[in-house]
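Mapping to the numbering used here: the sequence shown position 33 is 33, numbers consecutive. So the structure is just underneath, and the comments pick up after that.
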Amino acid sequence: MESLEEVAAREEAERQQSLKDLEQLYEWLQQFEDPPPAPRPPPPYQFRNGLACRQCSYNAWADFLT
Numbered sequence: 001m002e003s004l005e006e007v008a009a010r011e012e013a014e015r016q017q018s019l020k021d022l023e024q025l026y027e028w029l030q031q032f033e034d035p036p037p038a039p040r041p042p043p044p045y046q047f048r049n050g051l052a053c054r055q056c057s058y059n060a061w062a063d064f065l066t
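Structure representation (structure tokens):
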């Protein structure tokens, strides 16, 4: 029969091995993680102020709302 010290040492070794296994699994899973989303580019100049067109002073919102 195992002594308490032997049981404690065996359980500690198993716990350490489980911890190492979990760390390896976590590192392996990292390769499947989605990359962070790329920042969206700014909208084209003509659309930065809603639907207003600066070149011809046409405002689509004004036509839509009337």
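Just so you know, even glycine gets a beta-carbon here, dropped at the ideal spot from N, CA and C.
Please state whether DSSP places residue i in a helix, a strand or coil.
i   : result
R15 : helix
A38 : coil
E23 : helix
E33 : coil
E6  : helix
Alpha carbon to alpha carbon, what distance is there between residue j and residue i?
i   : j   : result
V7  : L19 : 18 Å
R15 : P41 : 49 Å
S3  : Q17 : 21 Å
F32 : D21 : 18 Å
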